[in-house]
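>
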Amino acid sequence: MNLHHVLFFCFFSALCGGNSGINIYTGPEGGSGTINCHFTLPGNRKFFCKNECKGEDILVQTDDVRANRGRYSIEYKGESSGRGIVSMTIRNLTQSDSGTQYRCGLGGSLVPDSFWDFEVRVSDELLDKNSGLIQTDTERENVTYSCIDAVNRDRIFFCKGECKKEEDILIETDKNRAQSGRYSIEYKEGSTFGLYVTITQVVKSDSGQYRCGYGRALSPDSSRTFSVIVVDAPTTSKPTWTHRPSSTSVPSASTPPPIISSPGHSTPSSVLPETTNQPAAAAFSFVPRPGYLLPVAVGMPSAGVLLLAVLLLRYIRKTWKN
Numbered sequence: 062m063n064l065h066h067v068l069f070f071c072f073f074s075a076l077c078g079g080n081s082g083i084n085i086y087t088g089p090e091g092g093s094g095t096i097n098c099h100f101t102l103p104g105n106r107k108f109f110c111k112n113e114c115k116g117e118d119i120l121v122q123t124d125d126v127r128a129n130r131g132r133y134s135i136e137y138k139g140e141s142s143g144r145g146i147v148s149m150t151i152r153n154l155t156q157s158d159s160g161t162q163y164r165c166g167l168g169g170s171l172v173p174d175s176f177w178d179f180e181v182r183v184s185d186e187l188l189d190k191n192s193g194l195i196q197t198d199t200e201r202e203n204v205t206y207s208c209i210d211a212v213n214r215d216r217i218f219f220c221k222g223e224c225k226k227e228e229d230i231l232i233e234t235d236k237n238r239a240q241s242g243r244y245s246i247e248y249k250e251g252s253t254f255g256l257y258v259t260i261t262q263v264v265k266s267d268s269g270q271y272r273c274g275y276g277r278a279l280s281p282d283s284s285r286t287f288s289v290i291v292v293d294a295p296t297t298s299k300p301t302w303t304h305r306p307s308s309t310s311v312p313s314a315s316t317p318p319p320i321i322s323s324p325g326h327s328t329p330s331s332v333l334p335e336t337t338n339q340p341a342a343a344a345f346s347f348v349p350r351p352g353y354l355l356p357v358a359v360g361m362p363s364a365g366v367l368l369l370a371v372l373l374l375r376y377i378r379k380t381w382k383n
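For the sequence shown, the positions run 62 to 383 when the working numbering is used.
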C-alpha cells in the first residue's frame with residue numbers, strides 16, 4: 062500500500078464514529094418491547110438484526126415503511142427535520158432472547174450507514190407483562206434520574222419502595238441540594254426537568270421502585286415514580302445515563318435519544334435509542350454514537366492528526382519533485 066493511502070486511511074479512521082458501549086434493556090418473559098432509534102440521516106433501507114447480522118441473524122430488512130417477520134417487526138417514521146425514527150418490536154419475549162445483542166440501523170446490515178447496538182435481557186421476576194423494555198443499569202455505575210418540574214419547590218424528596226413509611230425516605234430537604242450516603246438530590250434552576258436524583262456505585266440490591274418529587278415524601282405535592290434494574294457489569298463499557306421521564310409532558314430541548322417501547326415507553330442516537338413502556342419504566346438521554354464520519358476527530362489527539370497531514374504533504378512534494 063502506498064504511503065499516502067496509509068495516511069489517508071489513518072486520518073479518516075480517526076474521524077470514524079462507532080458504538081463504543083452496549084446499552085442494556087430488560088423486559089418481562091412473555092411480554093413485548095419496542096426500541097425506537099433516532100437517526101440524524103435519512104435512509105431507504107431499514108434493518109433489525111442480532112449478533113453478527115449475517116444470514117438468519119437478520120431479523121427484518123426492508124425498503125418499505127414497515128415490515129413483519131415472526132415475532133419481530135420494524136417501522137420507519139420520517140420527520141420534517143430530515144431525521145428518521147426506526148422502531149423495532151420484539152413480541153413474546155423468551156429466555157432465549159436474553160443476553161442477545163441487537164442492532165437497528167439504516168443502510169446494509171453488514172455495512173450500515175448508521176446504527177445503534179443494544180442488549181436485551183429477559184426476566185421472569187417482572188410481574189407486569191405490559192412493562193415493556195426497561196433501561197437497565199450495571200453494577201458500579203453512577204446513575205442519575207430526572208424528576209418532573211413544579212411550581213411549588215419548598216421541599217424535595219427521594220424515597221424507595223412504596224414511600225409510605227419513614228424508613229422508605231432516602232432524602233427529604235428544603236434545600237436545593239442534599240446527599241445521604243450513595244444517594245443525592247438536586248434542583249437545577251433552568252434545567253430541562255428541574256429535579257434530579259443520583260445513586261452512586263449501584264449494586265443489584267438497588268433494584269426496585271423509587272419516587273422523587275416535591276413536598277413531603279409521605280404526602281407529596283407532585284412526584285414521579287420509576288423503576289431501577291441493576292445487573293452484572295458487561296465486559297464492554299457503556300456511557301453514563303441521565304434518565305428522563307417517559308410519561309411526563311415536559312419536552313426536551315435537545316434532540317431526543319433512542320427509545321424503548323412496549324405498549325408504551327421511550328429513548329434516542331444519530332442514532333439515539335429510545336424505548337416505549339409504562340410510566341414506571343425509565344426513558345433516558347445519552348451521548349449519540351453515530352456510525353458515520355464525525356466532524357471532529359474522536360479518539361486521536363489533534364497533534365497526531367496534524368503530524369499525519371504534515372507527513373502526507375511532505376510525501377506529495379517529494380513525489381512531485383521526482
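The beta-carbon is built from N, C-alpha and C at its ideal position, and this holds for glycine as well.
All values reported here derive from a predicted model rather than from experimental measurement.
(1) Report the rounded CA-to-CA distance for Ile290 versus Cys98, giving the unit in angstroms.
(2) Give the secondary structure of Ala370 by DSSP, where H, G and I count as helix, E and B as strand, and everything else as coil.
(3) Which residue marks the beginning of the beta strand (DSSP E) containing Glu233, and which one marks its end?
(4) Is the CB-CB distance between Gly255 and Tyr244 below 8 Å?
(5) Excluding sequence positions up to five away, which residues of its chain have a Cβ less than 6 Å from the Cβ of Met149?
(6) For Thr87 versus Ser184, is the C-beta distance shorter than 8 Å?
(7) Closest by CA to Leu171, which one among Glu228, Asp118, Gly160, Arg182?
(8) Below 8 Å between beta carbons: does that hold for Leu102 and Ser175?
(9) Could you tell me the boundaries of the beta strand (DSSP E) in which Lys265 lies?
(10) When burial is assigned at 16 or more other CB atoms within 10 Å of the CB, is Glu186 buried or exposed?
(11) Roughly how many angstroms separate the alpha carbons of Ser252 and Arg272, rounded to a whole number?
(12) Please state whether DSSP places Gly145 in a helix, a strand or coil.
(13) Just curious, the beta strand (DSSP E) that Arg216 is in, first and last residue?
(14) By how many angstroms is the C-alpha of Ile85 removed from the C-alpha of Thr123?
(15) As a quick exercise: from Val147, Asp198, Leu369, Ser288, pick the residue whose alpha carbon is nearest that of Glu223.
(16) Indicate the three-state DSSP secondary structure (helix, strand or coil) for Ser157 in the structure shown.
(17) What is the residue span of the beta strand (DSSP E) that Ile246 lies within?
(18) Any C-beta of chain D sitting closer than 8 Å to the C-beta of Leu167?
(19) May I have the straight-line CA-CA distance separating Phe218 from Arg152, to the nearest angstrom?
(20) Leu368: buried (16+ other C-beta within 10 angstroms of its C-beta) or exposed?
(21) According to DSSP, is Gly116 helix, strand or coil?
(22) Quickly, what does DSSP pair Val181 with across the bridge? List them, please.
(23) Assign Ala370 to one of two classes, buried (16 or more other C-beta atoms within 10 Å of its C-beta) or exposed (fewer than that).
(24) Rounding to the nearest angstrom, what Cα-Cα distance links Glu227 and Asn191 in this structure?
(25) Note down the Cα distance separating Arg238 from Asp215, rounded to an integer number of angstroms.
(26) Per DSSP, Arg277 forms a beta bridge with which residues?
(27) Near Val147, which residues of its chain fall below 6 Å by C-beta distance, leaving aside the five closest residues on each side in sequence?
To lay it out plainly:
(1) 21 Å
(2) helix
(3) 230 to 234
(4) no
(5) Ile96, Phe109, Ile135, Cys165
(6) yes
(7) Asp118
(8) yes
(9) Taken as a continuous stretch (DSSP letters only), Lys265 belongs to no beta strand (DSSP E), as it is neither H nor E.
(10) exposed
(11) 19 Å
(12) strand
(13) That residue, Arg216, is in no beta strand (DSSP E); it is neither H nor E in DSSP.
(14) 25 Å
(15) Ser288
(16) helix
(17) 244 to 248
(18) Given the protein chain composition of this structure (a single chain), no chain D is represented.
(19) 37 Å
(20) exposed
(21) helix
(22) Tyr86, Thr161
(23) exposed
(24) 31 Å
(25) 12 Å
(26) Ser280
(27) Cys98, Lys107, Tyr137, Cys165
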